[in-house]
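Data block below; observations after.
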Amino acid sequence: MNIRGLVFLLVSWAIIIGITAYCFWQIFRAKKV
Amino acid sequence: MPKRKRETWGTKLGIIMAVAGSAVGLGNFLRFPVQATQNGGGAFMIPYFIALVLLGIPLMWVEWAIGRYGGVFGHGTAPGAFNRLWNSRLAKYFGVIGIFGPLVIFIYYTYIESWILGYAFFSLTGQLFAAVDTNSMLSFLRGYQGLVQNQFFSGIYASYTFFVITFLMNIWILYHGIKGGIEKLCNIAMPTLFVFGLIVMIRVLTLGAPDSLHPNWNVINGLGFLWNPNFEVLKNAKVWLAAAGQIFFTLSVGIGVIITYASYLTKADDVVLSGLTAVGMNEFAEVIIGGSIAIPIAFAFYGPSGIVDVARGGAFNLGFVTMPLVFEKLFLGGLFAFLWFALLFLAGITSSVSLAQPAVSFVSDEFNIDPKKAVIIFGIISFILCQPVIFFLGNGVLDELDFWGGTFALVLFALIETILFAWVFGINNAWEEIHLGAHIRVPKIFKFIIKYVTPAYLLFILGFWLYQEWIPLILMTGVPDQNRPYIIGTRIALIVLLAVVAFLVGLAWKLKGKEAK
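In structure tokens:
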């Protein structure tokens, strides 16, 4: 795996984990589960 | 007769799990890694994320909003919802595809789902590991499907038994309704699926180089095979189409199932955050889990030249031929193979129940029939419709249904619903509708995207596919002569089915009109 591959993997994972975590945080914050 | 009170979801998390369950399917774990590998590796993620933002997320919000809007008026499917968006006698007929499409997909999807259940069972009993190389594993699959009689299977009996079990499981879940059936299933199945996925993923990522003679055949290089970017491919329009297609299939947009699920919300329920959460869960399953299992492990065992053949063999061979062979070579391989097929089965069943629900809701809502009775009617009819897929599998019936129900109908329906929502209903009304009860605001740029970019993107996909791939398919180029009668028969049957659904839509409105008078 080259460095560019690693960057693409990490950035993609970060975007997805970020969006998902943000959504769940908003849902639980609104206490409307 | 008084109008029946419609069910609602028990919790907000329940519908999010259900929509995510509908979206997370076999494609997340098999189709995505193959598509990424064949279309530029890491560079594929550029058009993939662009399609997610311009196509996937807007369509998700559009469908959630249309569904909730229709549900307020007691309509759980596209004909009723479209009729409310556009006050025209024609509007309801544009929604026919929203019942026809998922029904067609359900007919073949349930059968494929049953193979996975069978393979999970054979993983535990060890029967699957009687096949030790690619040819014998292919022969195991063909024997199981009843296409040939061989040392593994003497007929279609095993396959048919697992089909009946799978089919009855689907009907049993649907029979228990939205809250007691689908929501309960998804609340259990989705976390289980993620746990199984993470266990298999961790096992794969800690595998290292299983063959000491080939230290370069390792999981890290397997990830590299999937992720190392080849920017040259971005000049090719096909790669952009492949990315858009993957987003389409993976999110279950354009089918009509999200409209039905969202119709069981109440008017004050949020759709913006819920829709985005379902997208996030689906992407987690696809990119993070799906991208870290099949291709990396296959690379570690088959090496750089073998993996090219594996990827070329397509998603289906990867799942049913390569993966069992790879698991055979692992310590506790039977257990990991079971976890793999179990997670695929959970992904499958949470999708198949969603595909059945539009037809059930239509019968129940528009003919004012008890939902349990509607499930039984649906069960009997769909069971009969499944039979040609099972017995004429080798004659291309399944592929034909997949093209019309699972590809063509999706893009067409997405285009229709976006135009109706953004142009006919009006983008200002649409924007207001999306934001009713919303926990977060959608950035204003999406008003422009939903009105102009998404429909233009869909038109481009429809036109390009028609030009490049669909015309040979429609003209049956390359189809063996002996299969042509079956393909023509399937097409006639699909036209009849579409006409019957359209007739029932017309009939439902006629009866309601008489009742109102």
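Line by line, the protein sequences are chains E and R. Mapping the first sequence onto the working numbering, position 3 (from 1) lands on 3, and the numbers just tick up by one. Each position in the second sequence, counted from 1, maps to that position plus 1000 in the working numbering. No residue lacks a Cβ here, since even glycine has one placed at the ideal position from N, Cα and C.
- Under the three-state reduction of DSSP, M1045/R is assigned to helix.
- The residues I1487 and T1490, in chain order, have a CB closer than 6 Å to that of E1400/R in the same chain once the five nearest residues on each side in sequence are set aside.
- Burial check for I1202/R: the Cβ neighbour count within 10 Å stays below 16, so the residue is exposed.
- Taking the Cβ atoms as the reference, V1326/R lies roughly 11 Å from I1295/R, outside the contact range of under 8 Å.
- Chain R has a Cβ within less than 8 Å of the Cβ of A30/E.
- At a C-beta separation below 8 Å, W25/E has no neighbours in chain R, since its nearest C-beta there lies roughly 10 Å away.
- When secondary structure is reduced to three states using DSSP, D1211/R falls in the coil class, being assigned neither helix nor strand.
- Secondary structure at D1270/R: coil, using DSSP grouped into helix, strand and coil.
- For I1259/R, the enclosing alpha helix (DSSP H) has its first and last residue at V1257 to A1262.
- Between the beta-carbon of P1229/R and that of A1081/R there is about 41 Å, and that puts the pair past the 8 Å contact cut.
- Within the same chain, and ignoring the five residues on either side of A1359/R in sequence, the residues whose Cβ sits closer than 6 Å to its Cβ are I1099, L1103 and F1378.
- Here W1509/R is not near K1003/R, since their CB atoms are 8 Å or more apart.
- By the 16-neighbour rule on beta-carbons within 10 angstroms, F1345/R is buried.
- Only residues of its own chain outside the window of five on either side were considered, and among them L1251, V1253, I1258, G1275, L1276, A1278 and V1279 have a CB closer than 8 Å to the CB of M1060/R, listed in chain order.
- For I1288/R, the C-beta contacts it makes with chain E under 7 Å involve W13 and I16, in order along the chain.
- Comparing alpha carbon positions, the residue from F1301/R, G1396/R, Y1302/R and W1470/R closest to N1483/R is G1396/R.
- Between K1267/R and the set E1433/R, L1462/R, T1477/R and I1492/R, the nearest pair of CA atoms involves E1433/R.
- Under a criterion of Cβ atoms nearer than 7 Å, no residue of chain E is adjacent to G1155/R; the nearest Cβ is some 45 Å distant.
- Three or more Cβ pairs closer than 8 Å define a contact, and the region 1145-1157 of chain R falls short of that threshold against the region 1169-1176 of chain R.
- If you check the CB distance, F1362/R and T1077/R come in under 8 Å.
- A Cβ-Cβ distance of about 6 Å is found for the pair I1449/R and L1054/R, placing them in contact under the 8 Å criterion.
- Here the region 1177-1187 of chain R makes contact with the region 1006-1023 of chain R; the two share three or more CB pairs at distances below 8 Å.
- In this structure, the beta-carbon distance from V1271/R to A1023/R does not fall below 8 Å.
- One finds I16, I19 and T20 in chain E with Cβ atoms closer than 8 Å to the Cβ of E1283/R, taken in chain order.
- M1190/R places its beta carbon less than 8 Å from that of G1021/R.
- At a cut-off of 8 Å between C-beta atoms, L1273/R counts as an interface residue with respect to chain E.
- No Cβ of chain E is located within less than 8 Å of the beta carbon of K1373/R.
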